[in-house]
Amino acid sequence: MRRKIIVSLLIIAFLVVAGGSFYWWQNQQDVREINKTLPEGIKVVKGLFNKEYKVVNNIDGYEFNVPKAWEGIEKIEYVPEEEEAIFDGTKVTGIGLKGSRGGATAFSIDVYLVNKLDLELIEYAKEIWVFYGLDGELKEEKINGIPIVKGFEEKHLMGTFVYFLKNGNNLYIINNGSEEFIQEIILNGKW
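Residues in the sequence shown are numbered consecutively from 7, following this note's numbering.
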């Protein structure tokens, strides 16, 4: 009798593990396909039950949650390090992604590894704004205590909000059609 109970419990445990593994494998299929296109050090992670997506960029040292309204990621692309002429020898990398559903799903983050440390965030933002010939006013604000500079560019970027954020030598430039999504990403990210 005791042996039958133990064998039954082992069979049940095996079935639970096998079923859970199959569920996890099925649940992560979209993420596996997306991650095939990314270089080592960058990956998309999906929660097991809540279907929350997170982009983890170990190359440039940040991560952020994808807004839930997008219901995932349709595609993502990483632009490897390039030298940018704007700040003498500054290196730039970037990620562009498109959410699966909803509006304002086109999103990008460019990371400038700046070597001019004597400038304030607003000065960096103004130099980049002028360098690329963008129109619109730049404003300094704080999002939950995080200093940012933001602008809205309608003429060249078809109604895109551009946020500037700095942490150490990293200057982040975040673009999206929705301020809500940008602010959500900044607040839930690790910079």
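Ideal Cβ placement from N, Cα and C applies to all residues, glycine included.
In terms of CA proximity to E147, Q189 leads the group E80, N71, Q189 and V61. Counting the other CB atoms within 10 Å of its CB gives K172 a total of 16 or more, which places it among the buried residues.
Residue pairing by DSSP places S114 opposite G102 and N181 in a beta bridge. The segment 84 to 95 makes no contact with the segment 50 to 57: fewer than 3 CB pairs, one atom from each, lie closer than 8 Å. Taking C-beta separations shorter than 6 Å and ignoring five residues to either side along the sequence, the partners of V120 in its chain run F93, T96, N175 and L177, following chain order. In this model, K161 and V37 are separated by some 35 Å (Cα to Cα).
In this structure, DSSP gives N150 a state outside helix and strand, which the three-state scheme calls coil. Taking all protein chains in view, the Cβ of L123 is surrounded by fewer than 16 other Cβ atoms within 10 Å, so the residue is classified as exposed.
By a beta-carbon distance limit of 8 Å, I65 contacts G47. Their separation comes to about 4 Å. Pairing K81 with E129, the inter-Cα distance amounts to about 33 Å.
Under the three-state reduction of DSSP, E126 is assigned to coil, being neither helix nor strand. Taken through DSSP and simplified to helix, strand or coil, N194 comes out as helix. Judged by DSSP secondary structure, N63 falls outside any alpha helix (DSSP H) and instead within the beta strand (DSSP E) spanning Y59 to N63. Counting C-beta pairs closer than 8 Å gives fewer than three between the segment 98 to 117 and the segment 138 to 145, which falls short of the contact rule. With 16 or more other Cβ atoms from the protein chains shown falling within 10 Å of its own Cβ, I154 counts as buried.
Annotated three-state conformation of K161 is coil, per DSSP. In the DSSP assignment, I40 falls within the alpha helix (DSSP H) that extends over Q35 to K42.
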